[in-house]
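Chains as they are written, first to last, in my numbering: chain A, 95 to 420; chain B, 545 to 1222.
These notes concern the structure reproduced below.
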Amino acid sequence: MVLLDAFQRWLFRLARDRQSPIVLGQRRIFIIPTGAGMLFAIVLAVMLVGAINYNLSLGHALIFLLAGVGVVAMVHTFYNLFGLRLTPGRAQPVFAGDLAHFPLQLENARRQSRHALEFSFAEQPVASVATVVTADLPAEGTATITVPWATLRRGRLDPGRITLCTRYPLGLFRAWSYPYPVWSVVIYPKPIRTPLPAPSAAAHADHRHGNQGQEDFAGLRPRQISDPTRHIAWKAVARRSDDQPHLVKQFAGGASEELWLDWSLTPADGDPEDRLSILAGWVVAADEQQACYGLALPGKRIAPAQGDGHRASCLQTLALYGESAP
Amino acid sequence: MGIGQAACRRWRCTVKARRKVGPRPAVALDHGSVPWLLAVALATAGPHFWHLPWWLSLLVGGTLLWRAWLWHGRRPLPPRALLMVLMIGSIAAIGWHFRTLLGKDAGVALLVVFMALKPMEMHRRRDAVVVVMLGYFLLLTHYLYSESIPTGLWLLAAIALLTAALIRLHGGSQPMTVIARQAGLLLAQALPFMLILYLLFPRVSGPLWGLPQDAYSGLSGLPKQMSPGSISQLSQSGAIAFRSRFADELPEKSDLYWRGPVFDEYDGLTWRSRALPAGSPRQAPVIESSGRSYTYVSILEASNERWLLALDVATSLPPDSSLAPTLEALSRQALRVRSRFSFTSSPDYRANVTETPIALQQALALPADVNPRARALASEWSSRPPKEIAEAALAMFRQEDFHYTLRPPLLGRDAMDEFLFVTRRGFCEHYASAFVFLMRAAGVPARVVAGYQGGEVNPVDGYLTVRQSDAHAWAEIWLAGEGWVRFDPTAAVAPSRIEQGIVAALPAGEPLPLIVQFDADWLRQMRNRWEAANNAWNQWVLGYNPQRQREVLSRLGWQAPDWQSMTASLAVLCGMALLIVVLWTLPRRRAVDPVQRAWQAYCAQLARRGISRAGWEGPLAFAQRVAREKPDLAALTSEAAGYYAALRYGHREAQALRLLQQCIHRLPPITRQRRQRA
């Protein structure tokens, strides 16, 4: 197994592509006949026997022409990949169970178009049509695609190498390459929706209360550019005329009640992954309610706060919990 | 941290599981590619409708229409059970109709049925690929019926269609013209491979195994035996029997007797060739030839017979052939394909001056109790010398009211009596057999010879074309001291038959083939061109067999090639062709604009002199900066930037590019100081 892996790494050049863009040279494009190609060869062989047997000169010509078409198709299939430039982009975090999309910009510098380029991840555990993306590239054109990965679990996801393959034009040959971009994305735990713990329940004696909480309504003030839209007091806005600036709700800091999403509040006999999922569900729910919440995990605490950045850091902490730092 | 470790462990084992790649799902068939596949089925199966039984053509056409209707309404395909019933029913019907499932016709019928039914269960792309592969195979079967130029062209178009269908299957939806162009490009690039393989692929002469009974059915030619009507029937055909090219001059028309089978046994109705008793030594004929001789090459159409139709009488023969005791040239094997032979013939000859008594005895044999009146006439002549007897018979045909016609009345039991004394209307076989009958009855050894007489020179390529309508029958009698001498009684009745051909000899209104009858000048010219093209096609394309391959290669200066060296050179040439295709299709990159290149070169020179242009800097802004920082280069740079800006953004002047390029050379040389500063 180890030897085979080493052989594959050598043959397929399975090293990371650290440079960008990734250019497909001839050393990293591979090509073999497909089942259809084998069938084609067998059909030609049988036809040749028939042509010899019945002394069909024109039959010979037909078979030789088709053989030539086969050889030429091989060259075209190879060139469909050759010289293609790929620029990997950044993927956005998703919840486990969703599709993670890895953006890839394709650039075709040559004067011929390219067709039916199929992208998928070589190590994708769930192989289905949905995880294969097909792209066409016009002559001297570019296109941006996203290669999906059907995520199963939380953690830092390294999707591994891409399988980029094509059978164009005739499907007799399959050329492929393994671009291996430096890609990584955090997969949040799949949220399990359970009712949020009561804020009061979070008020442990030893908790240092945050003073930047924003959950107590303190009044209204004119909106500034930097204010998040969800703080706009829409009811107040509706009452006022159009030319006046929008009002935003102002909150007082240093609330006495804070929402702590605590590991110990999840079922103690539950599976650790489920407990993380429950915490993730709470984070999502608390964020939707615009609550000020903190996260407490064994050995890790995040002080209560609000906003997209806070939500992302909480979810990332849950996603990477138990993993050694990258 | 127990939980963390547990999560970690689980993670690690799932990492291993992750490597397992599930089976790739089959690719579904694209709705838009179905019409392509129906076109493939129609193009490959359709031309077979000519020689399939009508009910099968109807079934195939109906099935394809049904499939098109299903496609149009996006209706579901019929259940497999129904298809199985259709399939088994058609196979049974084919077996019943052809009395076999093997053989050429039945095999083709089966393939056509598969081709019609396979689109009915096309769900995935894989099924569609099978349809196209079946189509490629069906293309080959068309050559079993015709290898003419139109068939070749039609099939080339069909190959393009099939290839386009494959492109549509694997490249998704594209405009039809794009697909067609791509298919055409593939075929054009495949052409050199075809030529190399065609020329050099070591040819094996078939067949590899016994061919089915019907492999060579439908070949026409001289009959194996002659009864009234068998040659006049052949005259209905304008098909070409063979073509000959003479090395030097052409013989006289009256010397153009091409010898086929010799009939020396008569049963009162039919003339046959005598079967040699098994084991009897074959006696080679003795020929003394003198004077003129002609060397020529004949390309014989397949006849499935052994006779080679040499001009009387052949003095040198191609290999694998021999001269029968009755003087006809015979090939060792029946001619199943069109073949080339070279001969030398001499029209002035004496054959078998000393003939065995048995042979002479046999040349006198007649059935008893038939044609009493003819016998009586002959016995009146029998006291004269043989030559006079023959002259008397010819004089009778010439002087009395005999007619040359393709539509003779039917003859009864005493056929010769009826013909000679009642109907007096007949074709060459009537005259030849009546003449031979009279000779034998008068005691002169005689026999009937069948073959072709005459021919027509095609001025386009100089080949003498002999058609089935030139089929003829004449007589030979044996004279002591002279051997076998030809007498043509038809020439006595209708001399123009020999001098000008059958059309001139027959009265108007006789049912001759159109191709022979129509003699308009332009039509004849067109026909000549077409037949010359066909002749070249036949010789260079169809007749390219192992022997011809050796000939061609030796003409190219390659003596005695064996299959190893042929394979080696084949590989080398194919490799070269592949290289050409690779270079041809090499991705062409955008050519860098010469204006851009010149400007970049100029900026690179400035960079060596210590001031480099930033990527975002336009030409004029850069020139201003140069003027500030390097006053000594200011004038030249602003000039170069001006040219560049004018070329790039203004109207293009051919001169400006040259001036810009010259600016590079006008830059002052780099001094050491400057280089250090840089």
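No residue lacks a Cβ here, since even glycine has one placed at the ideal position from N, Cα and C.
Because the structure is a prediction, the values reported are computed rather than measured.
- The beta carbon of Gly1027/B sits closer than 7 Å to those of Arg894, Ala895, Asn896 and Val897, all from its chain and outside the five residues before and after it, given in chain order.
- For Tyr680/B, the enclosing alpha helix (DSSP H) stretches over residues Arg669 to His686.
- Here the alpha carbons of Leu908/B and Phe681/B stand approximately 57 Å from one another.
- About 11 Å separates the beta carbons of Pro1039/B and Leu938/B, which is beyond the 8 Å limit, so they are not a contact pair.
- Boundaries of the beta strand (DSSP E) around Gly995/B: Ala990 to Gln997.
- Taking 9 Å as the cut-off, the Cβ atoms of Met659/B and Leu627/B do not count as close.
- The beta-bridge partner set that DSSP reports for Gly970/B consists of Tyr948/B.
- Taking a contact to require three or more Cβ pairs closer than 8 Å, the stretch 1015-1022 of chain B and the stretch 917-928 of chain B do not qualify as touching.
- Met677/B has its alpha-carbon roughly 48 Å from the corresponding atom of Leu867/B.
- Secondary structure remark: continuous alpha helix (DSSP H) runs of at least 4 residues inside the stretch 916-961 of chain B, in chain order: 916-925 and 930-943.
- Across the structure, Val1004/B and Asp1065/B are spaced so that their CA atoms are roughly 14 Å apart.
- Boundaries cannot be given for Trp1102/B, as no beta strand (DSSP E) includes it and DSSP labels it neither H nor E.
- Across the stretch 778-800 of chain B, no CB contact with chain A closer than 8 Å is found for any residue.
- Val163/A belongs to the set of residues whose beta carbon lies under 9 Å from a beta carbon in chain B.
- If you draw a straight line from the Cα of Gln726/B to the Cα of Gln1093/B, it is about 33 Å long.
- For secondary structure counted as the alpha helix (DSSP H) over 4 or more consecutive residues, the stretch 1133-1207 of chain B holds these complete runs in sequence order: 1138-1152, 1163-1173 and 1175-1193.
- Counting only runs of 3 or more residues that sit fully inside the stretch 333-413 of chain A, the beta strand (DSSP E) segments are 341-346, 353-356, 387-391 and 394-399, in chain order.
- Residue-level contact check: Thr240/A does not touch chain B, since none of the beta carbons of chain B fall below 9 Å from its beta carbon.
- The shortest CA-to-CA distance from Pro285/A to any of Asp192/A, Arg179/A and Ile123/A is the one to Asp192/A.
- In terms of Cα proximity to Pro275/A, the closest of Phe196/A, Ala379/A and Phe176/A is Phe196/A.
- Non-local beta-carbon contacts of Gln1205/B in its own chain, meaning distances under 6 Å to residues more than five positions away in sequence, involve Ala1142 in chain order.
- Counting along the chain, Glu1020/B sits inside no alpha helix (DSSP H); it lies in the beta strand (DSSP E) bounded by residues Ala1015 to Leu1023.
- Of the other Cβ atoms in all chains shown, fewer than 16 fall within 10 Å of the Cβ of Leu1123/B; this residue is therefore exposed.
- Put simply, the CB of Met720/B is far from chain A, with every gap to its CB atoms at 9 Å or more.
- At a cut-off of 9 Å between beta-carbon atoms, Arg669/B makes contact with chain A.
- Identification of chain A residues near Leu683/B by a Cβ-Cβ cut-off of 7 Å yields Leu156, ordered along the chain.
- In this chain, the alpha helix (DSSP H) harbouring Glu1075/B covers Asp1065 to Trp1081.
- Inclusion of Ser842/B and Arg880/B in the CB contact set at 9 Å is not warranted, their separation being larger than that value.
- Taking 9 Å as the CB threshold, Thr228/A lines the interface with chain B.
- Bounds of the beta strand (DSSP E) holding His209/A are Arg208 to Phe215.
- Judged by DSSP secondary structure, Gly804/B falls within the beta strand (DSSP E) whose first and last residues are Tyr801 to Phe807.
- At a cut-off of 9 Å, the C-beta of Val280/A has no neighbouring C-beta in chain B.
- Shown here, Tyr893/B sits in a strand according to DSSP, grouped into three states.
- Of the candidates Ala828/B, Ala1151/B, Pro694/B and Ser847/B, the residue whose Cα lies closest to the Cα of Glu899/B is Ala828/B.
- Here DSSP, grouped into helix, strand and coil, assigns Gln827/B to coil.
- If you draw a straight line from the Cα of Arg1172/B to the Cα of Ala1178/B, it comes to about 8 Å.
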